[in-house]
Every structure is written in C-alpha cells, then in structure tokens.
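These notes are about the structure you will find just below.
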Amino acid sequence: MKNKSNLLFKWLLFTILIQAVVTYIFFGLIYLPGQKYFIFNSLSEKLKNTAIYYFPLVTKSIETKNDLATINYLQEILKDPELINAQVLDLNGKITAHSNIQDWGKTPEDETTKSIIANTSACLNNYTDKYIYSIPLVVHSSKTAVFAITASKEKANASYSAIKNKTAKSAVVFFVVTAAVYVAAFYVLFILPLKQLRKRIESAALGQSGEQLQLKRNDEIGTLADSIDKLIQKSALEKH
C-alpha cells in the first residue's frame, strides 16, 4: 500500500510538472510573443501607412518649392505622439525639410542617416528604440532625395512591459489554481479511497464487520475494494 502511495505521489508531481511546462509554453512561448508582435507590428504598419499617405503630398510641395506646405505636412505627421520626426534629406545627407524648423539645413553624420540615404526603395529600418520608414524621391527615373518618418518605440515598449507583467501574474494564478485542482482530484480519487481501504483491511484483519466500501471503480483500487467487501461478507457469515 505504501508503494502504491509513493507511486501515486510521484504521478501527481509529474502531472504538476507537466502543467508547469504547459503553462510556460502557452504564456511564455505563444501568448506573449503574439502580443509583442501585435504591438510592434501595429506601430510599424501605422508608420508605413502614414509615410505612404504623406509621401505624394510632400513630394509635390517640394517640387513646387512650397516650403510652407512642406513644413505643414511634416508637422501634421507629428500629431500622432508615437511619430517623433519627419524629414527630407538630399543624397548628401543634408536635411532639406524637417518637422523641426531648427534642423533644416543640417547634415547629420550618423550611421542611421547614411543607412536611410543608401536605401534604393521604400524601407522600414528597425532600431532598438525606434522605427524609421523611408521612401526615395525619384524625379525623371533618378533618386534625388529621401522622405523619412521616425516612430518611437517607447510607448510600445511600455505597453508590452505592462502586458508581460500582467501575463506573469495570470500565469502564476493559472498554475496555482490548476495545481490545486490536481491535488484535490488526487486526494478524492486516490488518497481518500486508499484510506478507506486501509481502514477496512484493518477491520477485516481483526475479524470485525461493518459498512462495506462499495467502491464502483474499474481500476485496481475498485478491484481491491470489492475483494475486501467479499472478505468482510465471508467473515460476517462465518460468525453467524
């Protein structure tokens, strides 16, 4: 009986371990990555769609040398708080138009600017803290400048961190509740019947009679209970 209890206890631990693995796979490998993809993909798609929408407007204002219209378009883009700047650079890296008027005429020497200028087609540049979507301005089949919008990942990172913390708490609660259900089921289905069996075995060994177990189960415990009931019946008949 003791060996049976040890075996069942090991089975319970194994089941809880499996539940822990399932919890990790669902929350850590499926749900969280899905949420992360949704958040950052939404940001990049919004950036892309904004750039595509404003590109012909900015291109026309530049071709007609309408600086007022250009600055209005670039500043209008920044009404979305996640979009932090919009600019037009020539092929030498000089800023010919920028949402921040003070940056007009500057020539950044950073690698990011060089990477944007080097793109020969519309491109999403992914950096640790931001996205930059750039579209080349082509006049008479020749690339003359680049239109680029930058989106900050700060809000997206904050949203993902909040979801990650909430998910971690949910995963712990889910695991604790399911583990508690397993323990309760284990007790009701195995421990309690085994205790009853032990009690009746001791009664039968002492030649005592009493209420039969009548555990209607098609497993080893049910078979053993049926044998004990028959033993108790036989003992009671012999006494009479």
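Mapping the sequence shown onto the working numbering, position 112 (from 1) lands on 892, and the numbers just tick up by one.
From the three backbone atoms N, C-alpha and C, an ideal C-beta is built for every residue, glycine too.
Counting only the Cα atoms, residue 834 lies some 12 Å from residue 849. In this structure, DSSP gives residue 863 an extended state, which the three-state scheme calls strand. Using a C-beta cut-off of 8 Å, the segment 949-961 makes no contact with the segment 922-940, since fewer than three inter-stretch Cβ pairs fall below that distance. Under DSSP, the beta-bridge partners assigned to residue 927 are 868, 915. Judged by DSSP secondary structure, residue 876 falls within the beta strand (DSSP E) whose first and last residues are 875-878.
Residue 821: not part of any beta strand (DSSP E); member of the alpha helix (DSSP H) spanning 812-843, first to last residue.
For residue 848, the enclosing alpha helix (DSSP H) starts and ends at 847-857.
Between residue 797 and residue 966, the C-beta spacing is not below 7 Å.
Excluding five sequence positions before and after residue 873, the CB atoms of its chain that fall closer than 8 Å to its own CB belong to 887, 888, 889, 893, 894, 897, given in chain order. Counted as a single uninterrupted DSSP element, the alpha helix (DSSP H) harbouring residue 945 occupies residues 934-966. The Cβ-Cβ distance between residue 912 and residue 831 does not fall below 7 Å.
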